[in-house]
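Chemist: The structure that follows is given in the form of structure tokens.
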Amino acid sequence: MSRNAARLIGVFVIGLVLFNFPLLGIFAKPHWLMGIPMPVFYLFTAWLGMIIVFWRLTDGRNPFKKK
Amino acid sequence: MNIYVFVGCSLIYIFILFFIAYITDKKAAEGTHWANNPYVYSLSMAVYCTAWTFYGSVGKAVKSGLGFLPIYVGVCVGAALWFLVLKKIIVISKNQRITSIADFISSRYGKSNLLGVLVTIVCFFSIIPYISLQLKAIADSFMVLAGMQNEMNMLTNASGFSFYYSTTFYIAILLILFTILFGARNLEPNERHEGMVTAIAFESIVKLVAFLAVGIFVTYGLYNGFGDLFQEAFNNPVTAKRLFLGEGSSPSEWFCLGLLSMFAIILLPRQFHIAVVENSDPNHVYKATWVFPLYLLIINIFVLPIALAGVLQFQGLDIRPDTFVLELPLENGKNMLALMVFIGGFSASTSMVIVEVNALGIMFSNHILLPPLLTWLARRDNSKADFSAWVLFIRRFSIAVIILLAFYYVRTIAINRELVSIGLVSFVAVNQFAPCLFLGLFWKKATQSGAIAGLLIGFFIWAIALPIPTLADYGFLSKSILTDGYFGQWWLNPHALFGLEGYDQISHATIWSLFFNCSTFMIVSLTTKQSTMEATQADYFVNIHQYINGGSDMELIHREAKMEDLTFLLTRFLGEERTQFLLEKYETDNNITLSKILKAKAELVNYVETVLAGALGAASAKILISSVVKEDPITLEEMLHILDKTKEVILTNTELKKKSKELEETTQQLQAANDQLKELDHLKADFVTTITHELRTPMTSIKALSKILMDNPDIPKDQHNEFLEIIVLETERITRLINQVLDIEKIQFNAYEWKNEPFNLTELTNRIYKGFQPVLDEKNIQHTFKTRLEQPVLIKGDEDRINQVIVNLMSNALKFTNTEEGDLGISLESENGSAVLKITDNGNGIAEEKQSMIFERFTQLYDPTQGKPTGSGLGLFITKQIVTHHKGTIEVESEVGKGATFVVKLPMAKG
Chain S
-16 MSRNAARLIG
-6 VFVIGLVLFN
4 FPLLGIFAKP
14 HWLMGIPMPV
24 FYLFTAWLGM
34 IIVFWRLTDG
44 RNPFKKK
Chain B
33 MNIYVFVGCS
43 LIYIFILFFI
53 AYITDKKAAE
63 GTHWANNPYV
73 YSLSMAVYCT
83 AWTFYGSVGK
93 AVKSGLGFLP
103 IYVGVCVGAA
113 LWFLVLKKII
123 VISKNQRITS
133 IADFISSRYG
143 KSNLLGVLVT
153 IVCFFSIIPY
163 ISLQLKAIAD
173 SFMVLAGMQN
183 EMNMLTNASG
193 FSFYYSTTFY
203 IAILLILFTI
213 LFGARNLEPN
223 ERHEGMVTAI
233 AFESIVKLVA
243 FLAVGIFVTY
253 GLYNGFGDLF
263 QEAFNNPVTA
273 KRLFLGEGSS
283 PSEWFCLGLL
293 SMFAIILLPR
303 QFHIAVVENS
313 DPNHVYKATW
323 VFPLYLLIIN
333 IFVLPIALAG
343 VLQFQGLDIR
353 PDTFVLELPL
363 ENGKNMLALM
373 VFIGGFSAST
383 SMVIVEVNAL
393 GIMFSNHILL
403 PPLLTWLARR
413 DNSKADFSAW
423 VLFIRRFSIA
433 VIILLAFYYV
443 RTIAINRELV
453 SIGLVSFVAV
463 NQFAPCLFLG
473 LFWKKATQSG
483 AIAGLLIGFF
493 IWAIALPIPT
503 LADYGFLSKS
513 ILTDGYFGQW
523 WLNPHALFGL
533 EGYDQISHAT
543 IWSLFFNCST
553 FMIVSLTTKQ
563 STMEATQADY
573 FVNIHQYING
583 GSDMELIHRE
593 AKMEDLTFLL
603 TRFLGEERTQ
613 FLLEKYETDN
623 NITLSKILKA
633 KAELVNYVET
643 VLAGALGAAS
653 AKILISSVVK
663 EDPITLEEML
673 HILDKTKEVI
683 LTNTELKKKS
693 KELEETTQQL
703 QAANDQLKEL
713 DHLKADFVTT
723 ITHELRTPMT
733 SIKALSKILM
743 DNPDIPKDQH
753 NEFLEIIVLE
763 TERITRLINQ
773 VLDIEKIQFN
783 AYEWKNEPFN
793 LTELTNRIYK
803 GFQPVLDEKN
813 IQHTFKTRLE
823 QPVLIKGDED
833 RINQVIVNLM
843 SNALKFTNTE
853 EGDLGISLES
863 ENGSAVLKIT
873 DNGNGIAEEK
883 QSMIFERFTQ
893 LYDPTQGKPT
903 GSGLGLFITK
913 QIVTHHKGTI
923 EVESEVGKGA
933 TFVVKLPMAK
943 G
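The structure is reproduced here in structure tokens:
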């Protein structure tokens, strides 16, 4: 399996953890960050972060070429 | 703003869709494929965002804060594996020409028609309410715009109500038209509809822009940005609870909704259709992996702000949260923005309806309606044209029926339910496909029985946990089941099966249905066996990349067959003995023992095919082999394909028969030619013998007489003269014979230079007749020359040769006519463009059995009255050759004792 493929599978597992309880429970507190409630801020930035990782891992002409 | 403006705009919008789809299809026909683009692909996947997203997310956010997010975040997490799972599904589907999710699942499990039907039924029951939800959203949005929010949920026949619903009805009709026109115009061999996909991508942009517009208006128009809005919300006790994860967002709900959506993005019929069937390039999945989650992120940014603003603005008013998106601009006098939002919501609804109905239409017609119909048609009628017409009609009919059913559903049942709840109910239903589809991609041992059992039990639990209890609301069932359970059994409580309490309905149904589905699927799979067909398909699905990368080997590997099937085929077409011989030969050649093999590998299959091809032709052999590899057809394309092939086989067989017949004929001809050659050889020998004999006879007599004359110089004068006379006659006879032989050689070997000039047959006959007159008179033979023709008869050909013919016949007649009272007649007439020359004598005639012989070489008729025959036997033969050369005929009419008539027919020269 190519390195990017393995990484994507890793991202999938990390995503399962990031967007589920109990981890979400850490952010389910009345804190604010830059004027935005903590859970809202966390969810959207983590989401965007995942998208950026996807973009890095899947872009290019042949992202899954075996090295 | 006048409601007619909105109605008009929605109609104009639909026509824009028609236009886009039309232009795309037109461009595609010219070779420019707009839909063949990763961004269009990613955008078209956003058909996931329906009216439920557009209106319902806000409603959900009002109730549970961030609880609306899992069904989008879940998709994003799942997207990490698209490169593995979705791409594999696409590659398989392209190679197996899969047309729907029902087709995919049934193909994976040995092309089981039962599974196809089952999947279609599940989709049918769970998706129709989902479609009707979209129609309801359209009708609702009309009512909000008309200021009739309060009447919205009431099933009345007030004039306003019927107007908006009939408007929705007309829109439903337009959607039927659109779907038929761009989804079922022709029978596409691979079910790709570029016009539709491009229109859907366009709709995705419209709804995104509209939602962003209202979001920006609310956040920056009504408030001073996110911070201000969140602060305001924090200050309000009602909205403050929604800012942080708390109420309404339990761990189980997050997990279950995430899981459901992760699968639903592939399993929903419309998603499968867009992501798999309409996919133009499997590599587009890479782009979609990040573009589509990005789309979801952007469209969700403003959901919470709009929900919070709505609650803050409409505090104390009875306004449904589902309509906040429209109400906020309306309430603030932004009518143009409201129109834009309306169009956005409209695009979300229509895109879903179009794709979903198209996908359901394919499934419904291909798996439910067509198989029995095609079987029936195939028995009745063999013409293919009728078939495709039927198929297209069935497809269109299905589309219309599905939309109309959805419309009927929204009118009668779904009036009172939230957008989100109906959507999630169908999510749980389609998730029942997850175990058999996703596990089936990687687990080769998964069996058809397992898939059927898992699906049935999952569907059953879904039904008793989600839709059936709602019937209690409408009075179809006793309300007591909601508290006491089915049949009064506590463990059959629809919302707490087996005593599982403390979960929301969706999570509860998801947990139990998927648990039972999955475990049943696996247990049954482990305890049942696969058929050959199942094993073949399972191997193909699981190891698809080997088949693809194998290139040309793909065909070969694919063709695995049961050993007994192959043996059966061989025995059936080649006989037992030959089969035995061929298989033994294969065994020794490849050094294996076939009796130990159950499943024949590609090589052997190939060998058998080659052997069969040798006997039946390649086409027939291929079909026979594929009949062992493939089972009953499911998809329409395959069905038509097989019908076509069957026709081909019949044709090939007919051709084969024709060929062998031709061969037989050729053999016969060859044999005949050979016989003829032998006969000719024989004839030649005969000819030489006869000629020699014919020459020897006069020679002998000349020799004998000359010797007598030489030895006896004092022989009496009379006798001397007589002998000399005989010698001269015999010499003439030899000369004649030699001339005739030379003639025959010339004619037969085409060495003779035939003249081809017109001449007057009447004059020629007359001249010959006059030449004979002295002899006839001398012999006291009566003679006549009759002709009724006034015009001279013109013949094209060689006058000298025809002269020879007439002289020959005249000489014969003269020779054979009655010696006592001779009578000889010539007549010349014309008949159908031919000159008919008859020469009659009144001699002894020719017996019937000899008539056909007289034109052969050396046929001399023995005349008892004349003793030895006088002719050489070549005269009539030469005559016939000449007449034949002039394209004429010569016949003899005669009876014994009544003379003979020779009839010569020659075509007359034209003009």
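Protein chains in written order, with our numbering: chain S, -16 to 50; chain B, 33 to 943. All C-beta atoms in this analysis are idealised placements derived from N, C-alpha and C, irrespective of residue type, glycine included.
Would you kindly work out how many angstroms separate the C-alpha atoms of Leu456 of chain B and Ser627 of chain B, rounded to a whole number?
Modeler: Roughly 55 Å between the two C-alpha positions.
Chemist: Determine which residues share a DSSP beta bridge with Phe201 of chain B and list them.
Modeler: Answer is none; Phe201 of chain B lacks a bridge partner.
Chemist: For Val928 of chain B, count neighbouring C-beta atoms within 10 Å of its own C-beta (all shown protein chains included) and say buried if the count is 16 or more, exposed if not.
Modeler: exposed
Chemist: Between the segment -4 to 10 of chain S and chain B, which residues of the former have CB atoms less than 9 Å from a CB of the latter, in chain order?
Modeler: Val(-4), Ile(-3), Gly(-2), Leu(-1), Leu1, Phe2, Asn3, Phe4, Pro5, Leu7, Gly8 and Phe10
Chemist: Determine, using beta carbons only, whether Thr28 of chain S comes closer than 7 Å to chain B.
Modeler: no
Chemist: Could you compute how far the alpha carbon of Leu292 of chain B sits from the alpha carbon of Gln347 of chain B?
Modeler: 33 Å
Chemist: Quick check on the burial criterion: 16 or more other C-beta atoms within 10 angstroms. Buried or exposed for Trp322 of chain B?
Modeler: buried
Chemist: Taking the CB atoms as reference points, tell me whether Phe234 of chain B and Ile386 of chain B lie closer together than 7 Å.
Modeler: Not closer than 7 Å, so no.
Chemist: Between Arg428 of chain B and the rest of its own chain, which residues show a CB-CB distance below 6 Å, the 5 nearest in sequence each way excluded?
Modeler: Ile212 and Ala216
Chemist: When you compare the CB positions of Thr816 of chain B and Gly857 of chain B, do they come within less than 7 Å of one another, or not?
Modeler: Taking 7 Å as the Cβ cut-off, Thr816 of chain B and Gly857 of chain B qualify as a contacting pair.
Chemist: Have a look at the DSSP bridge pairing and note the partners of Ile827 of chain B.
Modeler: B:Phe791 and B:Met940
Chemist: Starting from the C-beta of Phe38 of chain B, find all residues in its chain whose C-beta is less than 7 Å away, skip the five residues before and the five after it, and write them out in chain order.
Modeler: Phe174, Leu177, Leu371 and Phe374
Chemist: Using the Cα positions of Pro404 of chain B and Gly32 of chain S, report the straight-line distance between them to the nearest angstrom.
Modeler: 52 Å
Chemist: By Cβ distance below 6 Å, which residues in the same chain neighbour Phe491 of chain B in space, the five residues on each side in sequence not counted?
Modeler: Val154 and Gln464
Chemist: Using the Cα positions of Pro24 of chain B and Val79 of chain B, report the straight-line distance between them to the nearest angstrom.
Modeler: Nothing about residue 24 of chain B can be reported from this structure: the residues present for chain B run from 33 to 943 only.
Chemist: Taking only beta-carbon positions, decide if Phe37 of chain S is within less than 7 Å of chain B.
Modeler: yes
Chemist: Report the neighbours of Leu31 of chain S on chain B: residues whose CB is nearer than 7 Å to its CB, in chain order.
Modeler: Leu329
Chemist: Taking only beta-carbon atoms, is Leu(-9) of chain S less than 7 Å away from chain B?
Modeler: So yes, Leu(-9) of chain S belongs to the interface.
Chemist: For the alpha helix (DSSP H) that His316 of chain B lies in, which residues bound it at each end?
Modeler: His316 to Asn332
Chemist: Identify the contact partners of Phe258 of chain B in chain S, using a Cβ-Cβ distance below 8 Å as the criterion.
Modeler: Gly18 and Ile19
Chemist: Strictly below 7 Å CB to CB, what residues from chain S border Trp286 of chain B?
Modeler: Correct list: Asn3, Phe4 and Leu7.
Chemist: When DSSP labels each residue in this structure, what does Gly4 of chain B get in the three-state scheme?
Modeler: This structure leaves residue 4 of chain B out entirely; chain B is present only between 33 and 943.
Chemist: How far does the alpha helix (DSSP H) with Lys818 of chain B in it reach, from first residue to last?
Modeler: Segment Gln814 to Thr819 is the beta strand (DSSP E) holding Lys818 of chain B; no alpha helix (DSSP H) there.
Chemist: Taking the beta strand (DSSP E) that Glu861 of chain B belongs to, which residues open and close that run?
Modeler: Asp855 to Glu863
Chemist: If we ignore side chains and look at the alpha-carbon of each, how far apart do Ile46 of chain B and Leu206 of chain B end up?
Modeler: 8 Å
Chemist: Within 8 Å, do at least three Cβ pairs link the segment 327 to 337 of chain B to the segment 143 to 152 of chain B?
Modeler: no
Chemist: Determine the DSSP secondary structure at Val837 of chain B, reduced to helix, strand or coil.
Modeler: helix
Chemist: Taking only three categories from DSSP, how would you classify Ile19 of chain S?
Modeler: Correct three-state label for Ile19 of chain S: strand.
Chemist: Based on the DSSP secondary-structure assignment, which residues constitute the bridge partners of Lys594 of chain B?
Modeler: B:Lys631
Chemist: Just to confirm the assignment, what range does the alpha helix (DSSP H) spanning Thr568 of chain B have?
Modeler: Thr564 to Val574
Chemist: To the nearest angstrom, how far is it from the Cα of Ala307 of chain B to the Cα of Asp621 of chain B?
Modeler: Near 48 Å, if we compare the C-alpha coordinates of Asp621 of chain B and Ala307 of chain B.
Chemist: Using 10 angstroms around the beta-carbon of Lys617 of chain B, count the other beta-carbons present and answer buried if the total reaches 16, otherwise exposed.
Modeler: By the 10 Å Cβ count, Lys617 of chain B comes out exposed.
Chemist: Just by C-beta distance, which residues in the segment 550 to 568 of chain B are closer than 7 Å to chain S?
Modeler: none
Chemist: For Asp873 of chain B, is the classification buried or exposed, using 16 other Cβ atoms within 10 angstroms of its Cβ as the cut-off for buried?
Modeler: buried
Chemist: Please list, in chain order, all residues of the same chain as Gly517 of chain B whose beta carbon is under 6 Å from its beta carbon, the five residues on each side excluded.
Modeler: Leu524 and Asn525
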